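Protein chains: 2
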Amino acid sequence: MNKMLKMNHRDREILLSTPLMSGLNPTLARRVLESAAVFSGEAKDVLFREGAEAENFYVVLSGYIRLFRLSRDGKEADIGVYGPGETFGECAMFLGCKYAFNAQAAEPVTLARFDVAKIRQIMAEEPEFSMALLRVLAHHLQDARENVANDRLHTAPQRVANYLLDMLQHSGAGNSNSFRLPFQKSLLAGKLGLAPEALSRAFSMLKTSGVSIRGRMVQITDAEALRRI
Amino acid sequence: MNKMLKMNHRDREILLSTPLMSGLNPTLARRVLESAAVFSGEAKDVLFREGAEAENFYVVLSGYIRLFRLSRDGKEADIGVYGPGETFGECAMFLGCKYAFNAQAAEPVTLARFDVAKIRQIMAEEPEFSMALLRVLAHHLQDARENVANDRLHTAPQRVANYLLDMLQHSGAGNSNSFRLPFQKSLLAGKLGLAPEALSRAFSMLKTSGVSIRGRMVQITDAEALRRI
DNA sequence: ACGGGGAATTGATTTCGATCAATGCTTGGA
DNA sequence: TCCAAGCATTGATCGAAATCAATTCCCCGT
Chain A
2 MNKMLKMNHR DREILLSTPL MSGLNPTLAR RVLESAAVFS GEAKDVLFRE GAEAENFYVV
62 LSGYIRLFRL SRDGKEADIG VYGPGETFGE CAMFLGCKYA FNAQAAEPVT LARFDVAKIR
122 QIMAEEPEFS MALLRVLAHH LQDARENVAN DRLHTAPQRV ANYLLDMLQH SGAGNSNSFR
182 LPFQKSLLAG KLGLAPEALS RAFSMLKTSG VSIRGRMVQI TDAEALRRI
Chain B
2 MNKMLKMNHR DREILLSTPL MSGLNPTLAR RVLESAAVFS GEAKDVLFRE GAEAENFYVV
62 LSGYIRLFRL SRDGKEADIG VYGPGETFGE CAMFLGCKYA FNAQAAEPVT LARFDVAKIR
122 QIMAEEPEFS MALLRVLAHH LQDARENVAN DRLHTAPQRV ANYLLDMLQH SGAGNSNSFR
182 LPFQKSLLAG KLGLAPEALS RAFSMLKTSG VSIRGRMVQI TDAEALRRI
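Line by line, the protein sequences are chains A and B.
Each residue of the first sequence is one higher than the one before, starting from 2 at the first, in my numbering.
Each residue of the second sequence is one higher than the one before, starting from 2 at the first, in my numbering.
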């Protein structure tokens with residue numbers, strides 16, 4: 002952790018196409034970029050812990066980050082998984098200024114780190130950026146609420162089916178019905194609130210409903226059947 | 002539903018003390034108030050349904066509102082319960098402009114309804130109001146994420162215990178260790194993601210851990226024991 | 001291409017809470 | 001004050017997923 006990198010052209014391009022920045026006017030975008038630093042981390046590196054002062058928030062450039070709660074008896078519950086282009090850690094800026102969850106790299110990552118004090122200054126002068134943050138927060142809120150609804154209403158196979166249908170729709174696979182899971186199955190299990198064994202069993206069960214899986218490669222042969230789970 | 006009321010002095014006072022409005026300068030506050038209309042509804046009235054165009058968001062003046070997801074097979078999962086001073090329905094304004102959940106009055110309510118188009122206009126001219134909305138969204142996001150964590154990490158008695166400790170801390174009961182549950186137990190069960198029977202059983206179990214309950218009156222005789230659940 | 005470590009799968013058992021059903025209690029209105 | 005409707009509690013049963021354990025598979029580095 003904390004291996005500072007020079008922000009290269011590619012990083013810049015990724016950042017400028019993120020939901021946080023893609024709608025900003027060029028002057029503002031440049032200013033926001035100036036408040037960011039790029040760095041990389043290894044799998045398992047902890048970005049921040051629950052209760053720590055929130056001096057930064059982050060945008061993922063590559064790899065995946067998991068946000069999780071650690072319980073008293075050592076169990077972990079994933080709250081979200083964030084990948085390239087996604088923002089995390091920004092919520093604390095508007096609350097008690099301490100992170101409410103832990104953030105860990107699920108695999109090797111490259112991140113842009115934003116300085117909260119600088120961002121506050123920018124927000125005071127650029128309402129456009131506040132709007133962008135509103136959209137990021139709204140999106141995260143929707144995700145969290147969907148999580149609650151899914152956990153409370155759906156069985157494990159249904160959650161997996163929904164995830165696969167979502168991936169099929171958003172993977173840019175076009176008319177192809179195959180895609181690769183973007184991260185390890187154990188991470189997907191955590192994201193869906195399942196034990197890894199339950200995820201595995203769900204995949205097994207879904208074999209009879211139009212899903213073929215080998216390693217991380219998924220092929221959906223009958224999306225209609227999948228929708229009916 | 003749709004029984005329009007004249008915004009009285011008390012409504013105004015409540016609105017001005019809500020998280021959404023309490024920090025606004027008087028001119029802005031007045032302007033925001035002008036975009037609101039007050040109305041009342043009966044228990045069970047549906048404020049909006051999932052998928053409907055989000056032309057308004059709301060602040061509760063009295064009573065309670067539940068936000069819920071309705072599944073294909075008719076089951077309901079509560080996403081949140083909002084009471085006096087709390088805002089709901091604002092998230093959709095920043096997403097696809099359709100409500101993602103259903104909102105229903107859990108009991109007779111009085112609400113302030115804000116016109117989204119007018120609010121957008123205000124936001125474009127008053128960054129201070131965007132900041133207020135950011136704080137509301139951040140607070141809701143934190144709540145939703147806590148819900149996810151609680152559902153995934155805690156048993157029913159633990160969830161109830163945590164809720165009671167929270168209430169004890171925030172009820173303004175001072176050094177008194179009694180308070181009244183603000184709404185029906187069936188609503189509390191839904192809020193905590195439990196069946197009513199499970200809530201009842203958890204209360205029964207917690208009797209051995211410093212909780213005495215009669216109707217909606219709760220007395221906590223041993224907060225330490227409760228914390229250890 | 002091969003091998004090893006870690007992830008994934010499968011089997012068995014347990015746990016927790018949902019569901020269903022019956023009974024008791026509380027609250028609000030007359 | 002009384003009564004009825006609706007909410008809450010209690011008992012019984014079942015189902016889904018967690019947990020534990022053993023085995024297999026996949027992916028990455030050499």
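From the three backbone atoms N, C-alpha and C, an ideal C-beta is built for every residue, glycine too.
Given the structure is predicted, the values throughout are model-derived calculations rather than measurements.
Of the listed residues the options, nearest to residue i (C-alpha basis)
i	options	result
residue 119 of chain B	B:182, B:8 and B:32	B:32
residue 87 of chain A	A:45, A:138 and A:25	A:138
residue 144 of chain B	B:156, B:211, B:164 and B:130	B:164
residue 56 of chain B	B:106, B:22, B:114 and B:110	B:114
residue 172 of chain B	B:106, B:221 and B:46	B:221
residue 177 of chain A	A:156, A:224 and A:93	A:224
residue 83 of chain A	A:69, A:73, A:96 and A:74	A:69
residue 90 of chain A	A:193, A:49 and A:155	A:49
residue 23 of chain B	B:184, B:136, B:160 and B:206	B:136
residue 185 of chain A	A:215, A:166 and A:131	A:215
residue 207 of chain A	A:123, A:159 and A:151	A:159
residue 209 of chain A	A:180, A:162 and A:179	A:162
Contacting residues, own chain, Cβ-Cβ under 6 Å from residue i (five flanking each side not counted)
i	result
residue 197 of chain B	187 and 190
residue 157 of chain B	195, 199 and 203
residue 39 of chain B	6, 8, 12 and 113
residue 53 of chain A	100
residue 74 of chain B	none
residue 193 of chain A	160
Beta-carbon contacts of residue i that lie in its chain and below 8 Å, excluding the five residues immediately before and after
i	result
residue 71 of chain A	51, 77 and 103
residue 94 of chain A	55, 58, 117, 120 and 121
residue 46 of chain A	2, 105, 106 and 110
residue 211 of chain A	221, 222, 223, 224, 225, 226 and 227
residue 140 of chain A	20
residue 4 of chain B	40, 41 and 42
Inter-residue spacing [alpha-carbon to alpha-carbon] between residue i and residue j
i	j	result
residue 36 of chain A	residue 6 of chain A	14 Å
residue 8 of chain B	residue 60 of chain B	13 Å
residue 226 of chain A	residue 134 of chain B	41 Å
residue 92 of chain A	residue 65 of chain A	18 Å
residue 100 of chain A	residue 230 of chain B	25 Å
residue 149 of chain A	residue 149 of chain B	6 Å
residue 132 of chain B	residue 170 of chain B	27 Å
residue 10 of chain B	residue 25 of chain B	18 Å
residue 1 of chain B	residue 205 of chain A	Past the edges of chain B, shown from 2 to 230, lies residue 1 of chain B, and the structure says nothing about it.
residue 213 of chain B	residue 180 of chain B	11 Å
residue 201 of chain A	residue 44 of chain A	23 Å
residue 15 of chain B	residue 153 of chain A	34 Å
residue 17 of chain A	residue 155 of chain B	40 Å
residue 146 of chain A	residue 146 of chain B	8 Å
residue 151 of chain B	residue 151 of chain A	14 Å
residue 96 of chain A	residue 142 of chain B	10 Å
residue 123 of chain A	residue 108 of chain A	32 Å
Contact test: residue i Cβ vs the ligand NAP heavy atom, cutoff 8 Å
i	result
residue 132 of chain B	Questions concerning the ligand NAP fall outside what the structure shown contains, since it holds no ligand whatsoever.
Own chain partners of residue i with C-beta closer than 7 Å, once the 5 adjacent residues on each side are dropped
i	result
residue 182 of chain A	189, 217 and 219
residue 13 of chain B	34
residue 80 of chain A	68, 69, 70 and 102
residue 63 of chain B	85, 110 and 111
residue 168 of chain B	180
residue 98 of chain A	54 and 55
- Task: Could you name the residues of the stretch 82-110 of chain B whose beta carbon sits closer than 9 Å to any beta carbon of chain A, in the order they occur along the chain?
- Result: Listed by position, the residues of the stretch 82-110 of chain B near chain A (Cβ gap below 9 Å) are 91, 92, 93, 94, 95, 96, 101 and 102.
- Message: With a threshold of 8 Å, are at least 3 pairs of Cβ atoms found where one atom belongs to the stretch 27-44 of chain A and the other to the stretch 121-135 of chain A?
- Response: yes
- Using a beta-carbon distance cut-off of less than 8 Å, what residues from the stretch 131-142 of chain A approach chain B? Of all residues in the stretch 131-142 of chain A, 131, 132, 134, 135, 136, 138, 139, 140, 141 and 142 have a Cβ within less than 8 Å of some Cβ in chain B.
- Query: Got a sec: which bits of the stretch 150-183 of chain B sit with their beta carbon under 7 Å from any beta carbon on chain A, in order along the chain?
  - Reply: 150, 152, 153 and 154
- Task: For the stretch 62-75 of chain A, enumerate the residues whose C-beta is nearer than 7 Å to any C-beta of chain B, in chain order.
- Result: Here the close residues are 70 and 72.
- Item | Contact set between the stretch 190-221 of chain B and chain A, restricted to residues whose Cβ is under 7 Å from the partner | 194
- Residues in the stretch 10-41 of chain B having any Cβ partner in chain A nearer than 9 Å: none
- Positions along the stretch 114-125 of chain A whose CB lies within less than 7 Å of some CB in chain B: Within the stretch 114-125 of chain A, no residue has its Cβ closer than 7 Å to any Cβ of chain B.
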